[in-house]
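Worksheet for the structure shown next.
There are 4 protein chains.
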Amino acid sequence: MDKKVGVGLIGAGFIGSIHADSFKKINHADILAVMSPPPGEAQKFAEKHQIPRHFTGLDDMLALEEIDMVIIGVPNHLHCEICVKAAEAGKHVVVEKPLCVNLQEADRMIEACKKAGVKLMYAEELCFTPKYVRMKGLLDEGALGTPILFKQSEKHDGPHAPHFWDVELSGGGVTMDMGCHAFQFFRWLNGNNPVKSVYAQMSTTVHTDKTMGDDNGIIILEFENGVTAIAEESWTKPGGMDDRAEIHGSEGVAYADVLQGNSIQTYSKKGVGYAVEKAGSTVGWSYTMYEENWNYGFPQEMEHFVDCVLHDREPLVTGEDGKAALEIIFAAYESAGTGKKVMLPFQTAAARPYDLWKRRNS
Amino acid sequence: MDKKVGVGLIGAGFIGSIHADSFKKINHADILAVMSPPPGEAQKFAEKHQIPRHFTGLDDMLALEEIDMVIIGVPNHLHCEICVKAAEAGKHVVVEKPLCVNLQEADRMIEACKKAGVKLMYAEELCFTPKYVRMKGLLDEGALGTPILFKQSEKHDGPHAPHFWDVELSGGGVTMDMGCHAFQFFRWLNGNNPVKSVYAQMSTTVHTDKTMGDDNGIIILEFENGVTAIAEESWTKPGGMDDRAEIHGSEGVAYADVLQGNSIQTYSKKGVGYAVEKAGSTVGWSYTMYEENWNYGFPQEMEHFVDCVLHDREPLVTGEDGKAALEIIFAAYESAGTGKKVMLPFQTAAARPYDLWKRRNS
Amino acid sequence: MDKKVGVGLIGAGFIGSIHADSFKKINHADILAVMSPPPGEAQKFAEKHQIPRHFTGLDDMLALEEIDMVIIGVPNHLHCEICVKAAEAGKHVVVEKPLCVNLQEADRMIEACKKAGVKLMYAEELCFTPKYVRMKGLLDEGALGTPILFKQSEKHDGPHAPHFWDVELSGGGVTMDMGCHAFQFFRWLNGNNPVKSVYAQMSTTVHTDKTMGDDNGIIILEFENGVTAIAEESWTKPGGMDDRAEIHGSEGVAYADVLQGNSIQTYSKKGVGYAVEKAGSTVGWSYTMYEENWNYGFPQEMEHFVDCVLHDREPLVTGEDGKAALEIIFAAYESAGTGKKVMLPFQTAAARPYDLWKRRNS
Amino acid sequence: MDKKVGVGLIGAGFIGSIHADSFKKINHADILAVMSPPPGEAQKFAEKHQIPRHFTGLDDMLALEEIDMVIIGVPNHLHCEICVKAAEAGKHVVVEKPLCVNLQEADRMIEACKKAGVKLMYAEELCFTPKYVRMKGLLDEGALGTPILFKQSEKHDGPHAPHFWDVELSGGGVTMDMGCHAFQFFRWLNGNNPVKSVYAQMSTTVHTDKTMGDDNGIIILEFENGVTAIAEESWTKPGGMDDRAEIHGSEGVAYADVLQGNSIQTYSKKGVGYAVEKAGSTVGWSYTMYEENWNYGFPQEMEHFVDCVLHDREPLVTGEDGKAALEIIFAAYESAGTGKKVMLPFQTAAARPYDLWKRRNS
């Protein structure tokens with residue numbers, strides 16, 4: 001019988017819950033501990049998800065020998081520091097998106113893991129979303145011909161946690177928070193063919209009262225092999241989270257809608273207990289989803305990372321991919337700040353992507 | 001660590017493949033053997049699905065002590081005999097739909113299992129289909145008010161295996177083969193409230209050359225609590241399998257489409273390798289599904305049955321449910337033969353449902 | 001230049017408004033007068049729709065020589081009397097559905113018009129609904145093969161005017177009020193091939209407090225040429241009017257959704273001024289329709305009737321069609337009352353369809 | 001009785017047929033003549049559409065006193081010359097999109113019409129498309145809040161007539177041919193608020209063998225009032241023409257799909273006679289449209305122009321709008337050629353938009 005991978009969760013927020021839920025079905029791994037600094041938070045999380053141990057201090061959790069792999073689900077500005085510590089403690093690392101807040105941090109994370117001989121795995125779940133996996137399959141089998149255009153959009157009416165709205169912590173607005181999904185998704189669809197250029201149009205519209213960051217973004221990528229990709233991101237769309245993608249090729253098209261497209265069309269005079277992430281009021285018509293975590297591919301993603309650790313395999317999505325996505329993010333903010341398409345590779349010592357948009361003189 | 005449930009598959013056809021695939025993800029069970037009489041068939045199946053042992057004789061497989069539970073996926077007319085043998089061998093039994101071909105067989109199967117102290121579990125996967133489970137949840141939480149009308153339809157252009165088309169073996173046509181899904185689905189939605197009456201309209205239209213059985217059926221059920229249900233079944237619908245349901249209540253409605261509704265809308269000049277069950281040609285537009293088995297609930301259903309065996313729990317769907325569905329099927333064929341609504345309970349010694357439609361004088 | 005047809009509207013209610021609106025685009029006809037008994041009602045209507053003359057008395061309007069054709073849009077129980085008077089006054093007659101309340105009245109109306117040498121035209125707009133006309137075209141051109149199954153459903157949460165809820169006046173509930181649409185629609189789709197039998201399941205569910213009539217009905221028709229048709233009618237469906245149909249043939253299928261299927265999918269925090277007939281609250285998600293009258297075919301229908309009068313042509317939908325639809329309605333209520341399929345032709349002296357369902361002993 | 005407007009069609013191609021069909025329902029206008037140079041072409045068109053007179057020479061048709069208004073539906077490079085002649089002959093002018101091939105021509109056309117005291121009306125039918133008119137209505141009534149993002153896309157697999165593919169004649173590729181629709185559509189949605197900047201990404205992908213022009217284009221507009229708009233244009237999308245738009249606002253969203261969204265979902269083993277413009281093969285699944293001209297708003301658009309001539313009203317869409325759309329087109333090609341967002345107003349003496357993309361050194 002295979003050894004089981006011991007997992008430690010770092011962070012006890014929204015994404016941590018999704019990870020905890022994902023591991024329930026995974027045979028070859030167990031979540032052994034969760035860590036979060038605020039007093040009582042890790043304990044409450046551990047009770048809720050039946051995790052044996054909980055910690056307020058990271059070092060204490062990293063000291064557990066039985067933990068082989070940690071999953072970092074904390075605010076962006078803490079990713080680097082925690083990743084380096086975990087690597088130094090000999091743990092394999094899964095980092096939630098975006099990888100971190102700047103390219104120097106990205107290099108430090110990649111280097112630390114390489115030096116420690118542990119894997120750095122980047123948690124972009126769209127590469128595991130079953131509907132998107134099938135759609136990529138259509139492209140790969142030649143059913144759509146040569147790819148011409150990719151589209152992906154993710155829209156809802158804004159994240160809950162305050163750190164997202166503070167560009168000092170997050171590094172940027174919606175393009176940072178959700179554009180990273182699209183960028184890695186497009187790289188994956190296109191067989192990792194290099195991105196040639198990035199153009200972005202960003203704006204702060206509805207949420208001017210709570211953030212300086214972009215709450216709407218449109219980003220166009222050009223790939224070396226001729227493919228164009230359009231990403232649309234929004235923190236201002238009411239009515240429930242929306243995630244859809246398209247592939248247009250020389251011989252066909254494929255349209256995939258992950259949430260609304262899979263929903264139970266519902267009318268309810270009193271409203272539904274839970275319809276979908278960020279649904280808001282469900283009185284009247286709504287789109288009731290089910291098994292959102294499975295439909296997004298979170299359990300499948302975690303199963304893959306566990307398998308990589310167990311059998312020493314190369315992850316589908318690595319720290320290098322995370323850095324590539326971050327480079328595109330920086331180029332996007334640069335483009336938004338200059339009104340020009342930005343060519344890749346794009347090097348910058350900017351502390352955060354947002355600075356290239358709005359703090360060009362500092 | 002929990003003991004693992006040892007499973008034996010009886011039958012190596014289409015549904016057997018679905019079951020084999022479903023068990024790959026199940027922790028607490030292993031398929032230890034497969035049995036099918038035609039020489040070489042079980043062996044080929046075992047190789048394909050990596051099942052350790054294969055048999056052409058049922059008794060040989062039933063002799064294995066390590067087998068706790070068998071899954072019967074064979075032509076209808078063989079269900080009873082095999083179930084009784086398996087029960088006598090002390091194995092828990094899962095029977096694919098329909099339970100068997102007549103009510104006397106149903107009683108024998110239920111009795112044999114009761115006597116042997118083994119579970120008789122009826123494999124109606126619609127009670128595990130994630131989208132339908134969520135839809136039932138909407139009803140149960142009160143979001144739709146008091147139920148008024150249920151609808152469910154399953155349509156494709158006809159099964160492959162010859163036994164389906166021979167009413168002597170199958171017992172009936174599409175109403176027997178697919179109506180059973182709808183009937184148990186409606187009973188489950190309605191909290192097992194009793195069915196009061198059954199009316200059916202059947203016809204043989206396109207497939208008059210290959211069967212005497214009905215290839216189209218419309219069945220109306222009335223429940224004691226006032227709910228009406230319409231089932232539509234067809235073996236003559238081209239363009240890919242179609243499975244959808246609706247709940248209409250006093251305070252809301254819910255519409256769920258399991259296959260086309262979850263699909264990737266695809267256009268392909270050359271066609272797609274595999275779009276969906278019974279898609280036919282996929283040149284041009286088609287509806288590409290993914291993870292059909294999961295979306296239908298087959299792994300979830302098998303996981304439940306394994307859990308019932310492991311922990312001695314009552315299955316969600318039992319042999320009694322299978323018999324109730326069969327009773328409704330008989331009443332449907334009686335109704336089609338008389339042009340009248342048939343009240344339940346309906347007792348008949350007819351050898352097969354079809355006889356009540358077309359052999360009323362014998 | 002062609003003479004213009006002079007039109008008189010009888011009735012100033014909801015359907016009268018739709019007719020008035022329809023005539024705005026019709027070249028060869030003018031609405032010259034409107035008549036409605038309640039004091040002030042016809043005048044208000046005339047002002048709103050810019051109709052030159054208004055009357056409270058029918059005879060006064062029928063006395064106008066310049067009126068060639070009248071359109072009867074009044075409660076069912078008044079159709080016959082008004083039709084006979086109009087025919088006797090030498091006016092061509094358009095009668096809104098259902099034709100009248102019993103078969104004797106139907107015969108009187110047909111006879112009166114024949115004797116007077118005027119046309120009796122039955123206003124079933126589904127025969128002019130552009131989307132349904134195109135769908136029939138698919139069938140007629142052979143794209144779907146031999147027809148097997150027709151489906152049509154019309155559902156909303158109940159009519160406004162009180163007379164609909166009083167079976168003494170209306171003759172029946174939703175099967176009378178909306179089933180007539182489906183029945184003539186099916187006859188038209190099937191090239192007027194005769195209906196062989198009728199089966200119906202009716203219930204009064206949500207509106208038991210306001211009516212004795214059926215508020216939900218499911219009716220199955222069998223045609224001589226083997227086609228089956230399912231009509232679903234409901235006065236209890238919230239969320240806006242819904243009208244959809246399907247044709248299943250030996251070689252294809254066609255699905256048409258007239259309202260929701262053509263809508264602008266809308267989310268509005270404050271709600272929409274007008275989304276669709278009977279939408280109810282439009283806060284949150286709703287389905288905003290546009291040009292409902294044109295999309296339903298009302299102007300096209302009226303244009304056709306005007307053309308028939310102008311050029312002495314046979315109308316697409318006649319009083320005989322209206323009587324045939326009414327016969328099916330009577331058979332449906334008989335079936336609901338007996339639990340048996342009712343064969344056609346069906347003769348009855350019942351004063352109203354409802355009586356065959358619930359007053360079988362009187 | 002109102003005078004009737006006498007109309008002359010210039011051009012006997014695809015768009016000419018749509019116009020001829022549109023006038024059948026218009027009361028206050030008659031098409032009196034059609035003109036097209038190739039011998040026999042105008043005559044054949046006149047016979048087909050029952051137009052009394054036909055010409056091969058423009059001057060001959062312009063000499064008819066009874067013609068009040070001409071409609072120019074000819075290759076782009078001929079628009080200016082014909083417009084000026086028609087104005088000099090005292091005829092009101094309707095010009096199909098795009099207005100002409102460069103800004104100097106646009107000025108000449110506007111000047112000629114002003115000097116002659118005739119109207120210059122720009123035929124952008126999307127401003128009359130019923131579904132889009134209703135969607136604009138949702139925005140205007142405040143149901144969606146403050147506008148944030150507009151989207152519109154028009155895609156098919158390429159026009160038939162050779163002149164479209166020759167940039168010397170057309171002026172550009174798909175962005176010229178179909179982007180003009182989106183640009184005027186966005187201006188109209190936004191209450192003619194000025195466009196601030198234009199960014200475009202263009203490529204020639206599938207049709208490199210037949211054109212130097214762009215066969216795919218993505219254009220982002222920024223408006224002075226903060227709205228962003230994305231236009232997607234394609235000449236490489238198989239499966240039938242596709243036209244859809246979205247409005248995202250601070251308080252709501254609206255999604256409208258004009259063709260596929262209104263279609264009859266059809267499966268046909270043999271194929272459908274006609275499904276929709278550029279459907280290609282209709283064997284298998286397809287989307288059957290109906291009344292395309294009405295659904296696009298062509299008759300409504302022509303009715304409006306006739307009304308403007310009859311009653312001396314200002315058209316909804318003028319030559320100035322056509323010039324504004326053309327200015328955006330030029331800015332788009334400039335942007336594609338430089339990789340930068342281009343600010344408006346944008347002045348250029350370029351002979352055609354294409355030159356700013358690919359002939360930057362000439």
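Chains Z, A, U and H supply the protein sequences, listed in that same order. So the first sequence is numbered by the numbering used here: it starts at 1 and just counts up by one. So the second sequence is numbered by the numbering used here: it starts at 1 and just counts up by one. So the third sequence is numbered by the numbering used here: it starts at 1 and just counts up by one. So the fourth sequence is numbered by the numbering used here: it starts at 1 and just counts up by one. Where a beta carbon is used, it is the ideal one built from N, C-alpha and C, also for glycine.
Same chain only: Cβ atoms within 7 Å of residue i, ignoring 5 sequence neighbours per side
{"i": "H163(Z)", "result": "P75, L169 and S170"}
{"i": "A324(U)", "result": "R187"}
{"i": "K303(H)", "result": "Correcting the residue type first, residue 303(H) is Glu in the shown sequence and not Lys. Only I26 meet the Cβ criterion."}
{"i": "V306(A)", "result": "V5, I26, H28 and A29"}
{"i": "F55(A)", "result": "A33, M35, A42 and M61"}
{"i": "A116(H)", "result": "A87, E88 and G90"}
{"i": "N262(Z)", "result": "M289 and N295"}
Partner residues on chain H for residue i, Cβ-Cβ distance less than 9 Å
{"i": "H248(Z)", "result": "K155, N216, S234, T236 and K237"}
Residue i versus residue j: straight-line alpha-carbon distance, rounded
{"i": "K136(U)", "j": "L126(Z)", "result": "43 Å"}
{"i": "D21(Z)", "j": "E301(Z)", "result": "12 Å"}
{"i": "R352(H)", "j": "T208(H)", "result": "20 Å"}
{"i": "L310(H)", "j": "T205(Z)", "result": "44 Å"}
{"i": "I364(H)", "j": "I110(Z)", "result": "Not covered by the structure: residue 364(H). The range shown for chain H is 1 to 362."}
{"i": "M176(A)", "j": "Y290(U)", "result": "44 Å"}
{"i": "I329(H)", "j": "G179(H)", "result": "7 Å"}
{"i": "V342(U)", "j": "T228(U)", "result": "14 Å"}
{"i": "E327(U)", "j": "M69(U)", "result": "26 Å"}
Per-residue contacts from residue i into chain Z (C-beta, under 7 Å)
{"i": "E251(A)", "result": "S268, K269 and K270"}
Proximity winner among the options, relative to residue i (alpha-carbon distances)
{"i": "W120(Z)", "options": "M212(Z), K131(Z), D107(Z) and V276(Z)", "result": "Here the sequence assigns Leu to residue 120(Z), which means Trp is not the residue at that position. Measuring from the Cα of L120(Z), the nearest candidate turns out to be D107(Z)."}
{"i": "D321(Z)", "options": "W235(Z), G191(Z) and D157(Z)", "result": "G191(Z)"}
{"i": "Q201(Z)", "options": "T338(H), D166(H), F14(H) and L149(H)", "result": "L149(H)"}
{"i": "E141(U)", "options": "G271(H), C308(H) and K3(H)", "result": "G271(H)"}
{"i": "D215(Z)", "options": "N193(Z), P238(Z) and A229(Z)", "result": "P238(Z)"}
{"i": "E233(A)", "options": "D243(A), E224(A), L139(A) and M212(A)", "result": "D243(A)"}
Reduced DSSP category for residue i - H, G, I as helix; E, B as strand; rest coil
{"i": "E65(Z)", "result": "coil"}
{"i": "K119(U)", "result": "coil"}
{"i": "K155(U)", "result": "strand"}
{"i": "P75(Z)", "result": "coil"}
{"i": "N70(A)", "result": "Here residue 70(A) is Val; the residue named in the question, Asn, does not match the sequence. Reduced to three states, the DSSP call for V70(A) is strand."}
{"i": "E222(Z)", "result": "strand"}
Contact set between residue i and chain Z, taken where Cβ atoms lie within less than 9 Å
{"i": "E222(H)", "result": "Q201 and S203"}
Own chain partners of residue i with C-beta closer than 8 Å, once the 5 adjacent residues on each side are dropped
{"i": "G297(H)", "result": "E125, L126, C127, F128, T129, P130, Y132 and V133"}
8 Å Cβ cut-off: residues of chain A touching residue i
{"i": "I264(Z)", "result": "K131, R134, M135, L138, A254, Y255 and A256"}
Residues that residue i contacts on chain A, provided the C-beta gap is smaller than 7 Å
{"i": "L144(Z)", "result": "S268"}
Neighbouring residues, chain H, relative to residue i (Cβ below 8 Å)
{"i": "G57(U)", "result": "Correct list: empty, because the minimum Cβ distance to chain H is about 32 Å."}
{"i": "V283(A)", "result": "S281, V283 and G284"}
Residues near residue i in its chain [Cβ-Cβ closer than 6 Å; skip 5 each side]
{"i": "A332(H)", "result": "T175, V198, A200 and I219"}
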